[in-house]
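Take a look at the structure set out below.
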Amino acid sequence: MALNLKVITPDSTVWEDQVEEIVLPSTTGQLGILGGHAPLLTALEIGVMRVRPGKEWKAIALSGGFAEVDKNEVKVLVNGAELGESIDLETARSEYQSAQGDFDKVEKGDDKLAKTRATKALKKARARFQAAGGMSS
Numbered sequence: 002m003a004l005n006l007k008v009i010t011p012d013s014t015v016w017e018d019q020v021e022e023i024v025l026p027s028t029t030g031q032l033g034i035l036g037g038h039a040p041l042l043t044a045l046e047i048g049v050m051r052v053r054p055g056k057e058w059k060a061i062a063l064s065g066g067f068a069e070v071d072k073n074e075v076k077v078l079v080n081g082a083e084l085g086e087s088i089d090l091e092t093a094r095s096e097y098q099s100a101q102g103d104f105d106k107v108e109k110g111d112d113k114l115a116k117t118r119a120t121k122a123l124k125k126a127r128a129r130f131q132a133a134g135g136m137s138s
């Protein structure tokens, strides 16, 4: 049973199509959605959403938001989203390494704001790198 999936950001619709299966990066862990799933509203973490429109899985990097599941309709409302196939792997690798370096610099310090910003930047860079195929989830 197919699911109708919409991935919506404030300025565009990144995905609108039927899929067989979805794995969401919820704030409580990975959440699998199949046809006939019970109604659900969940917060999403910065991470990679995986969708299976056919036999092959596709990755979408998400920048946090919410997902609603109701009657085989899944709406994913996020701050930002990018299809993994549209992300340049080498650029994503470089951004991830840079974000990791920035995080390592502030990790042991006392500046909580800097730690929060570095953590968010690292999560976003990791999600883009994973979605581009650069590392395992």
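Residue numbers 2 to 138, in this note's numbering, belong to the letters of the sequence shown in order. Positions of the beta carbon are idealized from the N, C-alpha and C atoms, including for glycine. Keep in mind it's a predicted model, so treat the numbers as computed, not measured.
Span of the alpha helix (DSSP H), counted from its first residue to its last, around residue i
i           : result
residue 117 : 113 to 132
residue 95  : 90 to 107
Buried versus exposed call for residue i [16 or more other C-beta atoms within 10 Å across all chains shown]
i           : result
residue 11  : exposed
residue 64  : buried
residue 128 : buried
residue 40  : exposed
residue 133 : buried
residue 45  : buried
Cutoff 8 Å; reference residue i; Cβ partners in own chain excluding five residues on either side
i           : result
residue 126 : 93, 96, 97, 99, 100 and 101
residue 3   : 19, 20, 21, 36 and 73
Enclosing beta strand (DSSP E) for residue i [first to last residue]
i          : result
residue 40 : Run containing residue 40: none; DSSP gives neither H nor E here.
residue 1  : Any question about residue 1 goes unanswered here, given that the chain covers just 2 to 138.
residue 17 : 13 to 20
Beta-carbon contacts of residue i that lie in its chain and below 6 Å, excluding the five residues immediately before and after
i          : result
residue 32 : 25
Which listed residue (the options) has its alpha carbon closest to that of residue i
i          : options       : result
residue 13 : 50, 62 and 79 : 79
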